[in-house]
Structure formats: structure tokens, C-alpha cells
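Q:
Residue numbers (our numbering): 73 to 258.
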């Protein structure tokens with residue numbers, strides 16, 4: 073559909089919104105096109121995640137001022153929506169966001185820690201090599217843990233990574249002279 077670009081890359085379906093003159097407002101037609109694109113992931117076995125992104129100038133006009141609409145409709149938030157906010161932002165702020173459905177600006181969302189990636193970098197972070205995540209967590213281990221025996225900390229993660237599909241894919245890609253398609257979830 074016009075203004076919507078769908079690309080699959082390394083197991084991730086990227087759905088881009090590109091209608092700057094309307095600040096990427098999602099009309100009924102665009103909503104249907106987005107829904108169809110997401111449904112299409114079920115027919116593609118290689119897609120493991122869907123990322124809806126913007127053109128960096130605007131993202132879905134009005135959706136940058138977030139509010140929990142379920143309470144406004146007499147419903148309760150689903151799944152982990154009730155558990156994560158109190159842990160992340162505290163019960164008083166979570167009460168504003170969920171049952172009271174008070175709008176929350178981008179600035180307030182950042183202050184609450186609802187996101188932590190600088191503007192303009194989210195897509196690059198999404199497509200990072202999967203082995204970076206466990207490596208970062210190993211960096212964050214305290215010096216005391218490292219003094220005990222560093223191999224005790226690294227070996228279980230290394231063993232898990234070795235058994236994942238990523239090293240096999242990388243080796244096959246090397247011999248086929250192609251770029252590997254890493255899984256973001258292994």
C-alpha cells in the first residue's frame with residue numbers, strides 16, 4: 073500500500089510508515105494494510121519479529137502522546153500491562169497511566185524509563201547482532217563475580233550460543249559466500 077513499506081531482513085519484518093504530510097496518521101485503510109502485513113508474518117516461517125517504524129520525522133500522529141485506552145472503554149489492560157508499569161515507574165504513576173488513562177507525553181515516557189534508546193537509533197538497535205545482548209550482560213557483572221571465576225559466568229552462555237542456530241547459519245553462510253541471517257531470539 074502507498075506510504076507503507078514492508079521489508080524482511082534477518083528474520084525481522086520491518087514495516088515502515090512514510091506519509092510525512094499526514095504525520096503518519098493511521099487511517100482505516102492503513103490500519104488494514106498494517107494488519108495484513110502482520111498477518112503475512114504467519115505465512116513466512118523465517119520471520120521471527122515484526123518492527124513497525126517511522127521515517128524518523130513523525131510516527132503515527134498523536135500516538136506519541138500515549139494513553140491506555142482500555143480503561144476508557146471499561147476494559148482492563150491485558151497480559152503484563154498491569155505488572156510492568158508499577159515495577160518500572162511506581163504505583164502512583166502506573167495508576168495515572170493505566171486505570172485513569174491519563175495521556176503521557178514523549179518526555180514523560182522517557183522520564184518514566186518506558187524507553188531508553190536515543191531518538192533515531194531504535195531501528196539500528198533492533199537489528200543488532202544477537203550475540204551482543206549476552207555479551208553486554210557479561211560486561212555488567214560486578215567485579216566481585218569476575219574475581220571468583222570468570223569462566224563460570226561465561227561458559228553457560230557460550231554453550232547456549234554454540235547450540236543455537238546462529239553459529240551453524242554463520243558457518244553455512246561463510247561456505248556459501250553469503251551474509252549470515254542471524255536470529256534475534258536464539
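Even for Gly, the Cβ is constructed at its ideal location relative to N, Cα and C. Quantities reported herein were computed from a predicted structural model and do not represent experimental measurements.
(1) When DSSP labels each residue in this structure, what does residue 104 get in the three-state scheme?
(2) At the level of alpha carbons, what is the spacing between residue 77 and residue 108?
(3) Which residue wins for smallest C-alpha separation from residue 160, given the options 177, 184, 170, 176?
(4) So the alpha helix (DSSP H) residue 126 belongs to, where does it begin and stop?
(5) Please classify residue 83 as buried or exposed, where buried requires at least 16 other C-beta atoms within 10 Å of its C-beta.
(6) Helix, strand or coil, according to DSSP, for residue 119 in the structure here?
(7) Just list the residues that DSSP pairs residue 88 with in beta bridges.
(8) Within 10 angstroms of the Cβ of residue 147, are there 16 or more other Cβ atoms? Answer buried if so, exposed if not.
(9) Less than 8 Å between CB atoms is the rule here; does residue 177 satisfy it with respect to chain C?
(10) Closest by CA to residue 123, which one among 252, 113, 87, 197?
(11) Can you have a look at residue 164 and say buried or exposed, based on whether 16 or more other CB atoms are within 10 angstroms of its CB?
(12) What's the gap between the Cα of residue 179 and the Cα of residue 166?
(13) Here's a check: name, in chain order, each residue in its chain whose Cβ is nearer than 7 Å to the Cβ of residue 252, leaving out the five neighbours to either side.
(14) The ligand SAH and residue 252: does the residue's C-beta get closer than 7 Å to at least one heavy atom of that ligand?
(15) In angstroms, rounded to a whole number, what distance separates the CA positions of residue 170 and residue 182?
(16) How big is the Cα-Cα spacing for residue 232 and residue 238?
(17) Distance check for residue 125 and residue 193, CA to CA, integer angstroms please.
A: Reading from the atomic positions:
(1) For the purposes of this step, residue 104 is taken as the residue at position 32 of the chain shown. Three-state DSSP puts residue 104 in a helix.
(2) Your numbering for residue 77 matches position 5 in the chain shown. Your numbering for residue 108 matches position 36 in the chain shown. Near 13 Å, if we compare the C-alpha coordinates of residue 108 and residue 77.
(3) Along the chain shown, read from residue 1 onward, the residue named residue 160 stands at position 88. With distances taken between Cα atoms, residue 160 lies closest to 184.
(4) Taking the first residue of the chain shown as 1, we reach residue 126 at position 54. It is not in any alpha helix (DSSP H) - residue 126 carries neither H nor E in the DSSP assignment.
(5) Mapped onto the chain shown, residue 83 falls at position 11. When all chains shown are included, residue 83 counts as buried.
(6) The sequence position of residue 119 within the chain shown is 47, counting from 1. In the structure shown, residue 119 sits in coil (DSSP, three-state: anything other than H, G, I, E or B).
(7) As a first step, residue 88 must be located in the chain shown, where it is residue number 16. Looking at the DSSP assignment, residue 88 forms a beta bridge with 77, 125.
(8) Here residue 147 is taken as the residue at index 75 of the chain shown, counted from 1. In this prediction, residue 147 scores a pLDDT of 47, lower than 50, which makes its location untrustworthy; no coordinate-derived value is stated.
(9) No chain C appears in the structure shown, which is made up of a single protein chain.
(10) The count along the chain shown starts at 1 and reaches residue 123 at position 51. Nearest of 252, 113, 87, 197 to residue 123, Cα basis: 87.
(11) Here the question's residue 164 lines up with position 92 in the chain shown. Around the beta-carbon of residue 164, fewer than 16 other beta-carbon atoms lie within 10 Å, marking it exposed.
(12) For the purposes of this step, residue 179 is taken as residue 107 along the chain shown, with counting starting at 1. For the purposes of this step, residue 166 is taken as residue 94 along the chain shown, with counting starting at 1. Cα-Cα distance, rounded: 16 Å.
(13) Taking the chain shown and counting its residues from 1, the one referred to as residue 252 is at position 180. These residues qualify, in order along the chain: 241, 242, 245.
(14) The ligand SAH is absent from the structure shown, which contains no ligands of any kind.
(15) In the chain shown, residue 170 corresponds to position 98, counting from 1. In the chain shown, residue 182 corresponds to position 110, counting from 1. Rounded to whole angstroms, residue 170 and residue 182 show a C-alpha spacing of 17 Å.
(16) As a first step, residue 232 is located in the chain shown; it is residue number 160 there, counting from the start. As a first step, residue 238 is located in the chain shown; it is residue number 166 there, counting from the start. Going by C-alpha positions, residue 232 is about 11 Å away from residue 238.
(17) For the purposes of this step, residue 193 is taken as residue 121 along the chain shown, with counting starting at 1. For the purposes of this step, residue 125 is taken as residue 53 along the chain shown, with counting starting at 1. C-alpha separation (whole angstroms): 11 Å.
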